[in-house]
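Undergrad: Here you go, one structure.
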Amino acid sequence: MASEKEVKLLDFGVSPFGVRTRIALAEKEVEYEYKEEKNLNLGEKSELLLKSNPVHKKIPVLIHHDKPICESLIIVQYIDEVFPSKTPILPSDPYARALARFWADFVDKKISQYALRVWKLKKGEELEETKKELVENLRTLEAELGEKKYFGGEDFGLVDIAFVPFTSWFYSFQAFGLLSVEDEFPKLAAWGKRCIERKSVAKSLSEPKKLYEFLSARRKVLGVE
Amino acid sequence: MAVPEKGVKLLDFWMSPFGQRCRIALAEKEVEYEYKEEDLSKKSDLLLKSNPVHKKIPVLIHDGKSICESLIIVEYIDEVFPGKTNILPSDPYARSHARFWADFVDKKVYDCGSKLFKSKSEALEELNKEFICILKTLETELGEKKYFGDDAFGLVDIAFAPFTSWFYTFEALGLSVEKECPKLAAWGNRIMERESVAKSLHEPTKIYDLFCELRKKFVDA
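Printed below as a string of structure tokens:
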């Protein structure tokens, strides 16, 4: 089994991309050293981060046997391939794998940019446009989930890991008067609750109220409130 | 219940670099398939049904099942069709490295390259600088290797290959890849020696002609 020194994760508390990698490592029961980039929101990056991800200079970065792997979905697939476990993150059938990759990519292209921007915007046209895109795309995602237990069907997998970190934002969306996921997307809300029953998710997700405090403070600084 | 149609079909548009990636991958694996050219101003029912989420090409339809997004299609082709050559390496770290650089091409090259194409003359100098930076980063990654995959032509080569047809047009916009990134230019010539690439890419002058047409319509108007 991997010892603490073999695996290191460079991360930043509230990053949903970092949470993805933490969930994947927990699913595989991998022991690792967690290294917080404490002042990332002040624009400060450690030498290790700059050396490990010189191209994008972003977290998360997984360092395994001193070799860095970057980009959260790439890291999650690496974790799946390198650390065996009872539960694979990607299915074995190539078509099912392609579908999983497609929907994880959808979360990246169509959900994350809007979710991570909507709370920062002052009242106006840009806010309305961003809200509209987010709602439309959540609707598409909910339709894909349908009546399934997880996006992967019976098995918790890549798409669940890709999207579940954003459930921490639902409380803030409601509190800021932006969107009630519970009311508008009950299937997604129910899925979120099911995911939290998994230990890997419960211990990795940002606590919604703490995140709300963090985002509120940021909103004040940005002059949104 | 209707039996799904057997075989491989590719819904595509001739000049799409994303479609070309799929064509190269299918050729590398020597897969026979039906090519269907889409009129993007009037998308076919089949396209809308096969990619209802994004409504974009390319779409690979294999035995009635549709796969979308070019890099996902290329990985699918690699997993499903055995061939003399693997598109992704077998070592997990090497695989993550390949995926990282293919993703870099998607995030940085296409975005900036298309901005360059659409930009008015005043914005060109800044965009040129930005694009050269991006190309130089890629060139550093290539280094002295024969291909991005080292000795093996692979995912990153396939991801970036279609953009080599654009080099001629970039030259017209004041950006010489030959001069700024000679290793990248040399790699571009090397990959054209592969049949899969030579038969999937278009004449650079065709891209240039289309670019001039589009510029007349949208930019210089």
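Taken in sequence, the protein lines are chains A and B. Taking the UniProt record's numbering, I'd label the letters of the first sequence as residues 1 to 225. Taking the UniProt record's numbering, I'd label the letters of the second sequence as residues 1 to 221. No residue lacks a Cβ here, since even glycine has one placed at the ideal position from N, Cα and C.
#1: Residues in the region 144-170 of chain A with C-beta within 8 Å of chain B's C-beta atoms, listed in sequence order?
#2: With distances taken Cα to Cα, identify the nearest neighbour of Lys-38(A) among Leu-10(A), Glu-27(A) and Ile-23(A).
#3: Taking C-beta to C-beta, are Gly-174(B) and Leu-88(B) nearer than 8 Å?
#4: Give a yes or no on whether the minimum CB-CB distance between Phe-17(A) and chain B is below 8 Å.
#5: The beta strand (DSSP E) that contains Tyr-34(A), what's its start and end?
#6: Strictly under 8 Å for the Cβ-Cβ distance: is Ser-96(B) near chain A by that measure?
#7: Report the option in Arg-22(A), Val-118(A) and Val-135(A) whose CA atom is closest to the CA atom of Val-164(A).
#8: Helix or strand or just coil, what does DSSP make of Tyr-76(B)?
#9: One question on the structure: do residue 228(A) and Ser-85(A) come within less than 8 Å of each other, judged by their Cβ atoms?
#10: State the start and end residues of the unbroken beta strand (DSSP E) segment that holds His-97(B).
#11: Let's see if you can read the secondary structure: which residues bound the beta strand (DSSP E) around Ile-69(A)?
#12: Does any residue of chain A have a CB that is nearer than 8 Å to the CB of Tyr-93(B)?
#13: Counting only beta-carbon atoms, is Ile-196(A) nearer than 8 Å to chain B?
#14: Can you list the alpha helix (DSSP H) stretches of 4 or more residues lying completely in the region 145-224 of chain A, in chain order?
#15: Is it the case that the region 86-106 of chain B contacts the region 142-154 of chain B, given that we only count it when at least three CB pairs across the two stretches are under 8 Å?
#16: State the start and end residues of the unbroken alpha helix (DSSP H) segment that holds Asp-105(A).
#17: Run down chain B in chain order and give the residues with a C-beta less than 7 Å from the C-beta of Val-55(A).
#18: Determine, using beta carbons only, whether Lys-132(A) comes closer than 8 Å to chain B.
#19: Is the beta carbon of Ile-77(B) closer than 8 Å to that of residue 222(B)?
#20: Smallest Cα separation from His-202(B): which of Ile-134(B), Phe-81(B), Lys-9(B) and Gln-20(B)?
#21: Given a limit of 8 Å on CB to CB distance, which residues of the region 51-85 of chain A reach chain B?
#22: Whose C-beta lies closer than 7 Å to the C-beta of Ser-72(A) among residues of the same chain, with five residues either side of it excluded?
#23: Could you pull out every residue in the same chain whose Cβ sits closer than 8 Å to the Cβ of Val-34(B), ignoring the five residues on either side in sequence?
#24: Run the CB neighbour count on Ser-52(A), radius 10 Å, all protein chains shown included, and call it buried at 16 or more, exposed below.
#25: Could you give the distance in angstroms between the alpha-carbon of Gly-143(B) and the alpha-carbon of Glu-193(B)?
#26: Cβ atoms of Leu-116(B) and Phe-131(B): under 8 Å apart, would you say?
#27: Taking Cβ positions, are Leu-135(B) and Glu-180(B) nearer each other than 8 Å?
#28: Assuming Ile-89(A) and Ala-24(A) make a contact with CB atoms under 8 Å, what is their CB distance in whole Å?
#29: Would DSSP call Leu-121(A) helix, strand or coil?
#30: Only counting runs of 3 or more residues, tell me where the beta strand (DSSP E) segments fall wholly within the UniProt domain "GST C-terminal" (91-218) of chain B, in order along the chain.
#31: How many whole angstroms separate the CB atoms of Glu-142(A) and Phe-185(A), which I take to be in contact at a CB cut-off of 8 Å?
#32: Looking at C-alpha atoms only, which residue of Thr-164(B), Lys-42(B) and Glu-69(B) is the closest neighbour of Ala-104(A)?
#33: Output yes or no for whether 8 Å exceeds the beta carbon distance between residue 244(B) and Ala-161(B).
TA: Reading it off the structure:
#1: The residues in question: there are none.
#2: By alpha-carbon distance to Lys-38(A), the top candidate from Leu-10(A), Glu-27(A) and Ile-23(A) is Leu-10(A).
#3: Contact annotation: Gly-174(B) and Leu-88(B) have beta-carbon atoms that are not nearer than 8 Å.
#4: Residue-level contact check: Phe-17(A) does not touch chain B, since none of the beta carbons of chain B fall below 8 Å from its beta carbon.
#5: Per DSSP, Tyr-34(A) is one residue of the beta strand (DSSP E) stretching across 33-36.
#6: Closer than 8 Å: yes.
#7: Distance check between Val-164(A) and each of Arg-22(A), Val-118(A) and Val-135(A) places Arg-22(A) closest, using alpha-carbon atoms only.
#8: In the structure shown, Tyr-76(B) sits in a helix (DSSP, three-state: H, G or I).
#9: What is shown of chain A runs 1 to 225, which leaves residue 228(A) out entirely.
#10: For His-97(B), no beta strand (DSSP E) encloses it; the enclosing alpha helix (DSSP H) starts and ends at 92-104.
#11: Element bounds for Ile-69(A): 67-70.
#12: Residue contact check for Tyr-93(B) against chain A: a CB pair falls below 8 Å.
#13: So no, Ile-196(A) is outside the interface.
#14: Listed in chain order, the complete alpha helix (DSSP H) runs (minimum 4 residues) inside the region 145-224 of chain A are 158-163, 170-175, 181-184, 186-196, 199-202 and 208-222.
#15: By the C-beta criterion, the region 142-154 of chain B is judged to be in contact with the region 86-106 of chain B, since at least 3 inter-stretch pairs fall below 8 Å.
#16: That run of the alpha helix (DSSP H) goes 94-106.
#17: The answer, in chain order, is Phe-104 and Thr-137.
#18: Taking CB atoms only, Lys-132(A) has no neighbour in chain B less than 8 Å away.
#19: With chain B running from 1 to 221 in the structure shown, residue 222(B) is simply not present.
#20: Closest in alpha carbon position to His-202(B), among Ile-134(B), Phe-81(B), Lys-9(B) and Gln-20(B), is Gln-20(B).
#21: Within the region 51-85 of chain A, the residues whose Cβ lies closer than 8 Å to some Cβ of chain B are Val-55, His-64, Lys-67, Ile-69, Cys-70, Glu-71, Ile-74, Ile-75, Gln-77, Tyr-78, Glu-81 and Val-82, listed in chain order.
#22: Same-chain partners within the cutoff: Phe-17, Arg-20, Thr-21 and Pro-60.
#23: The sequence as given places Glu at residue 34(B); Val does not occur at that position. Cβ within range, chain order: Gly-7, Val-8, Lys-9 and Leu-10.
#24: The residue in question, Ser-52(A), is buried, as its Cβ has 16 or more Cβ neighbours within 10 Å.
#25: Near 19 Å, if we compare the C-alpha coordinates of Glu-193(B) and Gly-143(B).
#26: Contact flag set, yes.
#27: A contact, by the Cβ cut-off of 8 Å.
#28: Contact annotation, Ile-89(A) with Ala-24(A): C-beta distance approximately 6 Å; criterion of less than 8 Å satisfied.
#29: When DSSP states are grouped into helix, strand and coil, Leu-121(A) belongs to the coil group.
#30: Entirely contained in the UniProt domain "GST C-terminal" (91-218) of chain B, not one beta strand (DSSP E) run reaches 3 residues.
#31: The beta-carbon separation of Glu-142(A) and Phe-185(A), rounded to 5 Å, stays under the 8 Å limit for a contact.
#32: Checked all of Thr-164(B), Lys-42(B) and Glu-69(B); the closest Cα to Ala-104(A) is Glu-69(B).
#33: For residue 244(B) there is no data in the structure shown, the boundaries of chain B being 1 and 221.
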